[in-house]
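Step one of this worksheet: look at the structure below.
Protein chains: 4
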Amino acid sequence: MNFNTDLASEAVNTLKSKNKTYKEFANIKLIETIVDKNLSKEINKKEGDYYLVDISNEDINDSESLLRIEKFITKLLKKILRKEKINNSSKGLIVGLGNLNITPDSLGPKVIDKVIVTRHLFELDKDSISEGVSNVCALSPGVMGTTGIENIDIIKAIIDKISLDYIIVIDALKAFDINRVNKTIQITNSGISPGSGVGNRRKELSKDVLGIPVIAIGIPTVVDASSIAINSFYNVINNENYEDIFTKYNNLKPNQKQKIEEEVISNYNSNYIVSLKEIDIDIENLSEVISGAIDHALHF
Amino acid sequence: MNFNTDLASEAVNTLKSKNKTYKEFANIKLIETIVDKNLSKEINKKEGDYYLVDISNEDINDSESLLRIEKFITKLLKKILRKEKINNSSKGLIVGLGNLNITPDSLGPKVIDKVIVTRHLFELDKDSISEGVSNVCALSPGVMGTTGIENIDIIKAIIDKISLDYIIVIDALKAFDINRVNKTIQITNSGISPGSGVGNRRKELSKDVLGIPVIAIGIPTVVDASSIAINSFYNVINNENYEDIFTKYNNLKPNQKQKIEEEVISNYNSNYIVSLKEIDIDIENLSEVISGAIDHALHF
Amino acid sequence: MNFNTDLASEAVNTLKSKNKTYKEFANIKLIETIVDKNLSKEINKKEGDYYLVDISNEDINDSESLLRIEKFITKLLKKILRKEKINNSSKGLIVGLGNLNITPDSLGPKVIDKVIVTRHLFELDKDSISEGVSNVCALSPGVMGTTGIENIDIIKAIIDKISLDYIIVIDALKAFDINRVNKTIQITNSGISPGSGVGNRRKELSKDVLGIPVIAIGIPTVVDASSIAINSFYNVINNENYEDIFTKYNNLKPNQKQKIEEEVISNYNSNYIVSLKEIDIDIENLSEVISGAIDHALHF
Amino acid sequence: MNFNTDLASEAVNTLKSKNKTYKEFANIKLIETIVDKNLSKEINKKEGDYYLVDISNEDINDSESLLRIEKFITKLLKKILRKEKINNSSKGLIVGLGNLNITPDSLGPKVIDKVIVTRHLFELDKDSISEGVSNVCALSPGVMGTTGIENIDIIKAIIDKISLDYIIVIDALKAFDINRVNKTIQITNSGISPGSGVGNRRKELSKDVLGIPVIAIGIPTVVDASSIAINSFYNVINNENYEDIFTKYNNLKPNQKQKIEEEVISNYNSNYIVSLKEIDIDIENLSEVISGAIDHALHF
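As they're listed, the protein sequences go chains A, B, C and D.
So that you can map any letter, position 231 of the first sequence is 835 in my numbering, and since no number is skipped, the others follow by simple counting.
So that you can map any letter, position 297 of the second sequence is 901 in my numbering, and since no number is skipped, the others follow by simple counting.
So that you can map any letter, position 166 of the third sequence is 770 in my numbering, and since no number is skipped, the others follow by simple counting.
So that you can map any letter, position 146 of the fourth sequence is 750 in my numbering, and since no number is skipped, the others follow by simple counting.
Here's what the structure looks like:
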């Protein structure tokens, strides 16, 4: 079955894999998924540590909830940065992927609009910088349909030009389960893999390719319409109460099942996206949280 | 089966009703549906003439396509206005329903931003008005969650205050079939019925209630996620090729089927909406077309 | 001399009038101006109590500063409401004047987007309302160039339709002194007078006209280019150091001076406005403060 | 006297220089200014050919006017490109300077949002490209306060990474004369000099620095408040009718005059900008014209 998801945790779910640890902190749940070489092949996600922060029990329209989430993300981000040997004398670039003009794809650019940058002060006015403030710059490279340039080429060009020790990249993701949308934050040291997100972005942003650590922060803002179709189909087919009714289907061979699955999703290309009615306001609030957490994790 | 659609033509479809006429004009198709008393009860749509303009073969990112659509809508609108005995000495109010801050619900307010108004010139500078220009004003009443006032109360208040002969109301609609989204324009003399559209708007805007003709122009900009679920489920269940596999289901009693249908859509409340990735740009282009058509239909 | 200002305090200044009281609260200064019948004629401002809150020593990009201002305005607003015998069983309408699409004129509509409304809950779900919450609704009537209807007609229509005890109206104002721009909040029980603000709005919103108290909250977001011209001209002409150089001018008769003054401002019609580079961000922050203060003053 | 202007033509004006040619094409005027080595020092503008297109007799809210301007700019741009030996086998980068979130500074990024890019098609799908289409990409590098990186560093990085033959850079400019604002388009082969525009952008984008031709297209969207002050002061002081009144001033020594001039502008730092009330709509229309002209000049 073809799962259109950028969340390692969702991909692993289908395997009932043991590579996950659950923790709870008041309303916020944390799921850690270690994707090793073998698992990487199985679920088609890059090797690395994936942290899925489940905020579905928080209300992102409430300022106290937002503060709690921000603090949680700050702490988690600090831990990941430390693990990557990044400290406040390291020089970082924050990259916001996505298209500002397509609401569910605008998370990255919106974070860049809000995040604190200091690199120019280090260059031009070093004395004005307080202790604990680290050297950081930011960029929204745009999307290929608007710029004609691959993101990877722009990022590589910048890395070659200015001295950098690490990258934090923010992107809108795609989930399989609609209940994850705007209610999940994934942070990983594996970077961003090709074809991720709402838009069509290509080529991998990762330590392998760029030579420096790449921390990716992503929030699923959409699911494919085809995910709704297949999900609700199996919701019924696999329902114990209706086992008897769908026996024939369940006894089909995998390739026969697959043919029918393809029929289920046949009407929905990747242009049809499922999102929440309040997506504009959600993106505003979530970009505030992410930029705040980055600011607090980098400067102290 | 519960069809969440504001399109009379879709509702009628399920009845294989004969109340429809198809016409083709180059790339644009026109479907007329006359909803009489009986049909009104069956499909739960208000009585009236419904014109569904199918623009799925036009490209709304192409300026020549947009011009063709605008001309077509202008002509159709003129015909409907004539039928309602509205001419250029009639005084009109254009109402844009919806929420400017929720992209798929912003069609109405965006049309109001673009449409030409003349009422203030008739009041303050009558000599500046050319022959053929008619007296028209416009309003975006906002949504109840933001104003605390029902749209119907605001519109009624205005009608009581200023002299008006007719209303044109623009709203974003909900379709059942995803292929209709941003590719269909419905125009009707039956007004707008409660609960229509993306947001939750209440109470009917119609000639019955307001005492003057109400022409409604609507474009479906979303479908419910539950529509995707049920649609794709039946796409497979009713497929002749799999008839044999799903015999047991098809032999169930209606109330048993309904229980399973409810299971199919159980995960998707009305907060989950399906739309197109390019919704922001589409709404921009479509609001341009609608405002242009209204301008050309009213002033000549 | 023609002072283009909506601030009573500025108008009075030129008279070196005694009708003003200054108070200081930490960084925030309060200037009270009582405009009585006589003063009203002299300065061409409607009779009433004018409170000018000077926030020029606060930083409206700092969240703690914003909170301080919000608290101050809340307290002041409560005092004014009490004086007008408005309590939490009174029913209010909040009106945001101005044009959302012209940044310095968008303060009013932006406050309406943010302010809490409750009237629909009182109508539909009374049990859900906590004690202390008052009945309030809100409206952005738009500008005449976009709607073709005078604001006053829309407001009157609403008042005739729904039961209301008072109105709070928010508007962007024009100052004479550029240092007031985005650094001053004027609150008055005299309503809004014609021709105020950035755009051209007509006819008065006041208790005299509407029959219920009208509290106006305004922030100067622009000055006329002609104000800059005349202000800097007199800055030099009246400078003691250059008294000798400009003796001849200072000895001219008033009507001769006026002719030259007219020459000074002749190039600048009301279409040229002076504002701050950061106007977009300032309006965002100030609309947050105003809506927060209204919420806290009305519901407790 | 310190003229805050990015327009070579305005700077030259004050010298009553002969380096200018005037041409008229219906409603559009063209002023060519050749800035050679000597003039460059005098007016503090980089050497090069400056074309100032005066569109003050056109109405940029009228679609036919916009089309006329677009055609004129297309033709002029083609001429300049030819002169720089750029043809449709050359590879170009279009750079939009400025800040999308500050309206009068958003011209550059808005053009980038609208301009056609083709470079990715040349890389990925060469067969889809029609004859006459040239290879072009685009970038909005943001402003230093948001990115922490100098524009020049980002542009240089891109140039080093991908093969490019020329750059077209778009920027919002500052004029001295308010009548130029949104009514003038300056095109030059001299690139963009430091400190230009509304924001604070640093270091020069020019052929000298980047090694490839840099065509700059700029539109003044603001003037400094201090320009209004000094302009209106001299408007009166230098008026023949009042010669007698201001004799004493006119007989002052240059350094005495300068001291008074400094007094005139002393209240207005560069944060106070003068613009037009309709700036939001103007920028939308002008960015449409510029992107259209670039598209037509590059692909044919």
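Glycine included, C-beta positions come from ideal geometry on N, C-alpha and C.
In the three-state DSSP reduction, D:VAL747 falls in the coil class, being neither helix nor strand. Boundaries for C:GLY736: no alpha helix (DSSP H) harbours it, and the DSSP string shows neither H nor E there. Contact annotation: the stretch 873-883 of chain D touches the stretch 874-881 of chain C, with at least three C-beta pairs closer than 8 Å. In this structure, D:VAL616 is the residue among D:LYS627, D:VAL616, D:ALA776, D:TYR626 with its C-alpha nearest to the C-alpha of D:ASN648. Around the beta carbon of D:ASP666, fewer than 16 other beta carbons lie within 10 angstroms, which makes this residue exposed. Just so you know, the alpha carbons of A:LYS765 and D:THR751 end up roughly 15 Å apart. The stretch 726-742 of chain D makes no contact with the stretch 728-737 of chain A; the number of CB pairs closer than 8 Å stays below 3. For B:GLY815, the secondary structure class from DSSP, reduced to helix, strand or coil, is coil. In this structure the stretch 742-762 of chain C does not touch the stretch 668-688 of chain C; the number of beta carbon pairs closer than 8 Å is below three. Contact annotation for C:VAL740 against chain B: GLY752 [CB-CB distance below 7 Å, chain order]. Per the C-alpha coordinates, the member of A:ILE677, A:GLY736, A:GLU646, A:ASP663 positioned closest to A:TYR655 is A:ILE677. A:VAL699 sits buried, since 16 or more C-beta atoms from the chains shown fall within 10 Å of its C-beta.
For B:THR625, the enclosing beta strand (DSSP E) begins and ends at 624-629. With respect to D:LEU902, D:ILE823 sits apart: the two C-beta atoms are not nearer than 9 Å.
Residue environment analysis places C:GLN790 among the buried positions, since at least 16 neighbouring C-beta atoms fall within 10 angstroms of its C-beta. Judged by beta-carbon spacing, B:ILE762 lies within the 9 Å limit of C:ILE758, meaning their Cβ atoms are closer than that value.
The continuous beta strand (DSSP E) containing C:VAL699 extends over residues 695-700. Counting other Cβ atoms within 10 Å of its Cβ, C:LYS863 stays below 16 and is therefore classed as exposed. When the beta-carbon positions are compared, D:GLY712 and D:LEU697 stay at least 9 Å from each other.
The beta-carbon of D:GLU882 is placed less than 9 Å from the nearest beta-carbon of chain C.
Within the stretch 694-710 of chain D, those residues whose Cβ lies closer than 7 Å to any Cβ of chain A are, in chain order, ASN705. Assigned with DSSP and collapsed to three states, B:VAL893 falls in helix. A contact is defined here as three or more CB-CB pairs under 8 Å, and the stretch 629-641 of chain B fails this definition with respect to the stretch 855-862 of chain B. Of D:ARG672, D:ILE772, D:GLY896, the smallest CA-CA separation from D:PHE629 is found for D:ARG672.
Judged by their CB atoms, C:ASN871 and D:ILE774 are not nearer to each other than the 9 Å cut-off. Checking the DSSP bridge columns, you'll see A:ALA776 partnered with A:ILE823. With fewer than 16 neighbouring CB atoms inside 10 Å of its own CB, D:SER693 falls in the exposed class. Cβ-Cβ distances below 6 Å link C:ALA742 to ILE698, ILE716, VAL719, VAL721 in the same chain, with the five nearest sequence neighbours on each side left out; the list follows chain order. The alpha-carbon separation between B:ILE819 and B:ILE771 amounts to approximately 6 Å. Bridge partners of B:THR792 according to DSSP: B:TYR654, B:ALA820. The CB of C:ASP764 comes closer than 9 Å to the CB of ALA761, ASP764, LYS765 in chain B, given here in chain order. Among the residues of the stretch 722-746 of chain B, those with a Cβ less than 7 Å away from any Cβ of chain C are THR722, ARG723, HIS724, VAL740, CYS741, ALA742, LEU743, SER744, GLY746, in the order of the chain.
Annotated as distal: C:PHE904 and C:ASN835, with beta-carbon spacing of 9 Å or more. At least 9 Å separates the CB of C:ILE772 from every CB of chain B.
Per the coordinates, the alpha-carbon of A:VAL813 lies some 50 Å from the alpha-carbon of D:ALA829. Interface criterion met: the Cβ of A:PHE837 is under 9 Å from a Cβ in chain B.
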